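All residue numbers for the sequence shown refer to full-length UniProt numbering, where the first residue is 1 and numbers rise by one. Every residue, glycine too, gets a C-beta built ideally from N, C-alpha and C. Nothing here was measured: the structure is a model prediction, and the numbers come from that model.
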Amino acid sequence: MKTDTPPTIYLKDYTAPAYLVDTVDLDFVIATGATTVSATLAMRRNPAVAAQPLVLDGEELETLSVAVDGEKVPFSTTPTTLTIADLPDAFTLHTVVRIDPDRNTRLSGLYRSKDGYFTQCEAQGFRRITWFLDRPDVMSTYTVTLHADKATYPVLLANGNPVASGEEADGRHWATWNDPFRKPAYLFALVAGKLDGLFDTFQTASGRSVQLAIYVEPGKLDQCPHAMAALQKSMKWDEERFGLECDLDHYMIVAVGDFNMGAMENKGLNIFNTKYVLARADVATDVDFENIDRVVAHEYFHNWTGNRVTCRDWFQLSLKEGLTVFRDQEFGADLHNRQTARIREVRGLRAAQFPEDAGPMAHPIRPASFVEINNFYTSTVYEKGAEVIRMIQTLIGRDGFRAGMDEYFRRHDGQAVTCEDFVAAMAAASGFDFTQFMRWYNQPGTPHLAVDSVFEAKTGRYTLHIKQSNPRASDNHPYLIPIRIALFDAGGQIIAGSDRTLLLTENSQQFHFDGIAAEPVPSLLRDFSAPVVLDYAYTPQQLTLLLAHESDPFNAWEAGQRLASTLILDATAAIAAGQAPVWPASFVDAARRLLQTQAERGAAFVAEALTLPGESTLAEALDIVDPDALHAARNSLRRHLAEQLEGEFAGLYAGLAPHGAYTPSSEEAGRRALRNTCLAYLLELNTPAVRQLALQQFRSADNMTDQFAALAALAQTECTERETALAEFYQRWQHEALVVDKWLAVQSGSRLPDTLATVKRLTGHPAFDIGNPNKVYALLRNFGANLARFHTPAGYAFLAEQTQLLDGKNPQVASRLARCFDRWKKFDGERQKHARLALESIRDHQGLSRDVLEIVNRALG
Ligand code: ARG
Ligand code: ZN
Numbered sequence: 001m002k003t004d005t006p007p008t009i010y011l012k013d014y015t016a017p018a019y020l021v022d023t024v025d026l027d028f029v030i031a032t033g034a035t036t037v038s039a040t041l042a043m044r045r046n047p048a049v050a051a052q053p054l055v056l057d058g059e060e061l062e063t064l065s066v067a068v069d070g071e072k073v074p075f076s077t078t079p080t081t082l083t084i085a086d087l088p089d090a091f092t093l094h095t096v097v098r099i100d101p102d103r104n105t106r107l108s109g110l111y112r113s114k115d116g117y118f119t120q121c122e123a124q125g126f127r128r129i130t131w132f133l134d135r136p137d138v139m140s141t142y143t144v145t146l147h148a149d150k151a152t153y154p155v156l157l158a159n160g161n162p163v164a165s166g167e168e169a170d171g172r173h174w175a176t177w178n179d180p181f182r183k184p185a186y187l188f189a190l191v192a193g194k195l196d197g198l199f200d201t202f203q204t205a206s207g208r209s210v211q212l213a214i215y216v217e218p219g220k221l222d223q224c225p226h227a228m229a230a231l232q233k234s235m236k237w238d239e240e241r242f243g244l245e246c247d248l249d250h251y252m253i254v255a256v257g258d259f260n261m262g263a264m265e266n267k268g269l270n271i272f273n274t275k276y277v278l279a280r281a282d283v284a285t286d287v288d289f290e291n292i293d294r295v296v297a298h299e300y301f302h303n304w305t306g307n308r309v310t311c312r313d314w315f316q317l318s319l320k321e322g323l324t325v326f327r328d329q330e331f332g333a334d335l336h337n338r339q340t341a342r343i344r345e346v347r348g349l350r351a352a353q354f355p356e357d358a359g360p361m362a363h364p365i366r367p368a369s370f371v372e373i374n375n376f377y378t379s380t381v382y383e384k385g386a387e388v389i390r391m392i393q394t395l396i397g398r399d400g401f402r403a404g405m406d407e408y409f410r411r412h413d414g415q416a417v418t419c420e421d422f423v424a425a426m427a428a429a430s431g432f433d434f435t436q437f438m439r440w441y442n443q444p445g446t447p448h449l450a451v452d453s454v455f456e457a458k459t460g461r462y463t464l465h466i467k468q469s470n471p472r473a474s475d476n477h478p479y480l481i482p483i484r485i486a487l488f489d490a491g492g493q494i495i496a497g498s499d500r501t502l503l504l505t506e507n508s509q510q511f512h513f514d515g516i517a518a519e520p521v522p523s524l525l526r527d528f529s530a531p532v533v534l535d536y537a538y539t540p541q542q543l544t545l546l547l548a549h550e551s552d553p554f555n556a557w558e559a560g561q562r563l564a565s566t567l568i569l570d571a572t573a574a575i576a577a578g579q580a581p582v583w584p585a586s587f588v589d590a591a592r593r594l595l596q597t598q599a600e601r602g603a604a605f606v607a608e609a610l611t612l613p614g615e616s617t618l619a620e621a622l623d624i625v626d627p628d629a630l631h632a633a634r635n636s637l638r639r640h641l642a643e644q645l646e647g648e649f650a651g652l653y654a655g656l657a658p659h660g661a662y663t664p665s666s667e668e669a670g671r672r673a674l675r676n677t678c679l680a681y682l683l684e685l686n687t688p689a690v691r692q693l694a695l696q697q698f699r700s701a702d703n704m705t706d707q708f709a710a711l712a713a714l715a716q717t718e719c720t721e722r723e724t725a726l727a728e729f730y731q732r733w734q735h736e737a738l739v740v741d742k743w744l745a746v747q748s749g750s751r752l753p754d755t756l757a758t759v760k761r762l763t764g765h766p767a768f769d770i771g772n773p774n775k776v777y778a779l780l781r782n783f784g785a786n787l788a789r790f791h792t793p794a795g796y797a798f799l800a801e802q803t804q805l806l807d808g809k810n811p812q813v814a815s816r817l818a819r820c821f822d823r824w825k826k827f828d829g830e831r832q833k834h835a836r837l838a839l840e841s842i843r844d845h846q847g848l849s850r851d852v853l854e855i856v857n858r859a860l861g
């Protein structure tokens, strides 16, 4: 059965709303089995638009009554619209609907989770709550009353400020909240639940006091202090870096275990996945602590970049997301370690965004069309979007960027705007012409740069010739690309004056450097100044020099990644041809030197530099991927390093032993990262002594970082200690949902040959629940990212089946799972045959959601 083709929505078809909603009064009577929502909307015709009927959005609403100015009126409905004709210029619309949050498994709109009722309205969940003009350019002030059973749902929250509350019959109570700020419906939120609260305050720069609260499942208060501190640090940082003060009297964060995404910036009432709130040293890793800092900051920063100034339409999503990711990246870099932060950002971009931009879901950071907007909350819109904002800052400088932000808020506070409006403010404040730069907003695909160099000893002139191309773009006009560079002499020193930012504006362009005494080593794209793929025929000697001497830590790391990539890709070809890989001694020497300089260069940097490029990143460099050969090649290099550097790894492992009790500082986190990198290399040797060492660390660690690192390394190794550790870990942590997610993820991500069988078995384990997004991501999506184990006929058939099963419950999450197939055309013919069958089986599934259908159609198309 083929599902009907759902309509495509185009940016070019945007029109302003025909009606506006000034105020919204909502009354929720929450009860098991049904919730009644009464809405009173003060509406008027938009004077800028021709008169036409009112068409409201709705989904799965049972309409009980519709009245205009107190009178029943004729109206017509479809499953997703309610139309009223012949309306006066201004009127009050009153509707009553019944919804069923207990059976809302999509987790969009109002839904039930373990400890109560929660909402998720971005992008289009509000229409699942009441009839409305559910679009971000319709902004209103809201007053919300909730009624619920008092014992079961003692906490009643909505956006804004508490106005009044009281008791009512049958042990029920009510509370009214008012949000004085105009906002689009996607920022609406309410919560009714049994929750514990951690309370604090923040004094803003101008002396206002903001009441802060974090609400979590009962018994978890001791896992909240880190998130509270992160919130206070974010508030301070935004004042210092951008002069942005909190405008709210109350700022609340509520954590919920069932949540489709990471977190949501609802005005004054953020709702978070527990994953980005709960942390304590024994249950959360250093990476978890850092992610919480960044996500708490991200949602707080949205209060200005997203809420005070919002998006005109959903095509502009990157207006708020790219900008807010850039802001949370900068916050994280200031709070932790700027050097490794940048390295990790780029590692993440290459692992997820570059493949997306080269695959069937490629889209510009501002898409021109979509079928289902939820499919466009992507690493392109978020992470590439942040890179585009970062380039703007590179082009006009930090001060220019700050002036541009000031101008943006001066012009647009309280408005719903476009990406052009943002860039226009940047241009006005800096005088920079961004006309050509707009291509970054309008084209899909990763630009490729091909760089050649010529040195003329006679004249002392060094010339870089740079060509750009983007085969995914609709035409071959050039991008404006900032390329930071420096030239190094043979001694590893920067040649004076060579450190600069080149502006590439042509498809082919030359840049000259004069007064150069001897052929230099170019360090190109320092700090990853643009999200491009750069080819230059570096020699291993040049890369070794940069790895040892480049003062920009990103490009030092990059030199090491280039060395390793070349070796692994050559070895992949060798293994596929039945030959043994060869590993040059120079690479081992470079790795040894890195280990020896950890004290000067920082443990965190060395840990990053010793981490080989990931398989999905390496796969992008191949035309046809043989996942088994690639996997064998990368593992062989890991094992070779372990054999050659066993003494160094063991020495550093011992030398970096913790000084005392765990502290989450970046300094200590860096030491742990390097020590655990050493342990994982040592485990490649799979000797009884090393296995014991890992088991010993697993059992004695006083923190999750070290315990989990030992478990993760053992999970990649076939041995009895692996099974012991997995069993002990589950036994100990089975009641901590987020730790169980880690337990599922180390198994689904394992390179062991029987991983598919394990994952299948775990779908029937009590720890797994297909209705919980975190569990699906940990077990199923993480398996889909396991290159060697997923890309098999049986792996394809399994994820196709799981996607269909999940689609009936939660299309948004099913659609994310379906994306595991994105790169199927990069594999050999036999694999492609099976992937196609799997995709077709999903496509032909009866009643398939438009979310998954869009993904599958693009993949097959
Ligand atoms: N705006 C949220 C954030 O980035 C994400 C919400 C995504 N929701 C969705 N249904 N796709 O912080
Ligand atoms: Zn966001």
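Distance from Ser113 to Gly257 at the Cβ level is roughly 6 Å; contact confirmed, criterion being Cβ atoms closer than 8 Å. Remark: the shortest separation between the CB of His302 and any heavy atom of the ligand ZN falls under 7 Å.
Residue nearest to Glu240 within the set Val582, Ala230, Arg402 is Arg402 (criterion: CA-CA distance).
In the displayed model, Asp313 falls within coil according to three-state DSSP, outside both helix and strand. In this structure, DSSP gives Asn476 a state outside helix and strand, which the three-state scheme calls coil.
Assignment of beta-bridge partners to Ala255 by DSSP yields Phe272. Judged by the Cβ position, Asn686 fails to qualify as a neighbour of the ligand ARG at the 7 Å threshold, every heavy atom of the ligand being at least this far.
For the pair Ser379 and Ala351, the Cα-to-Cα distance works out to about 10 Å. According to DSSP, residue pairing for Ala90 in a beta bridge involves Arg44. Check the Cα spacing between Thr763 and each of Leu645, Ile373, Leu805: the tightest is with Leu805. Distance from the CA atom of Asp238 to the CA atom of Pro74, rounded to whole angstroms, is 50 Å. Shown here, Tyr536 sits in a strand according to DSSP, grouped into three states. Residue range 116-120 is occupied by the beta strand (DSSP E) that includes Gly116. A distance of 8 Å or more separates the beta carbons of Cys121 and Ala192. Of the candidates Phe259, Trp174, Ala279, Thr5, Phe259 places its Cα closest to the Cα of Phe272. The beta carbons of Ala425 and Gly404 sit closer together than 8 Å. Taking a C-beta distance under 8 Å as the contact criterion, Gly171 and Asp149 qualify as a contact pair. For the pair of segments examined, the segment 562-572 was found not to touch the segment 488-497: the number of CB pairs separated by less than 8 Å stays below three.
Excluding residues up to 5 positions away in sequence, Gln329 lie with their Cβ nearer than 7 Å to the Cβ of Glu345 in the same chain. Of the other Cβ atoms in all chains shown, 16 or more fall within 10 Å of the Cβ of His363; this residue is therefore buried. Residues of the same chain with a CB within less than 6 Å of the CB of Ala603, apart from the 5 flanking positions on each side, are Gly670, Arg671, Leu674 in chain order.
Taking 7 Å as the cut-off, one finds at least one heavy atom of the ligand ARG near enough to the beta carbon of Gly262. If you ignore the 5 residues before and after Phe554, its C-beta comes within less than 8 Å of the C-beta of Gln339, Arg342, Ile343, Val346, Arg526, Asp527, Phe528, all in its own chain and listed in chain order.
A direct Cα-Cα distance of roughly 21 Å separates Asn178 from Arg44. By the Cβ test, the segment 586-603 is not in contact with the segment 751-769, since fewer than three Cβ pairs between them sit closer than 8 Å. In this structure, Leu682 lies away from Phe729, with their beta-carbon atoms at least 8 Å apart. In this structure Asp851 touches Glu372 by the C-beta definition: roughly 5 Å separates them, less than 8 Å. Annotated three-state conformation of Glu550 is coil, per DSSP. In the DSSP annotation of this structure, the continuous segment of the alpha helix (DSSP H) that includes Asp238 starts and ends at 225-242. Here DSSP, grouped into helix, strand and coil, assigns Lys12 to helix.
Beyond the five residues adjoining it in sequence on each side, Glu299 comes within less than 6 Å, by CB distance, of Ala263, Glu265, Asn270 in the same chain, given in chain order.
Minimum Cα-Cα distance from Thr81 among the listed residues Leu93, Val68, Phe326, Leu54 corresponds to Leu54. As a beta-bridge residue in DSSP terms, Ser209 pairs with Gln203. When the five nearest sequence neighbours on each side are left out, the beta carbons in the same chain lying within less than 7 Å of the beta carbon of Asp828 are those of Ile624, Asp626, in order along the chain. Distances from the alpha-carbon of Ser616 to those of Pro355, Gly414, Pro811 put Pro355 closest. Rounded to whole angstroms, Leu317 and Thr310 show a C-alpha spacing of 9 Å.
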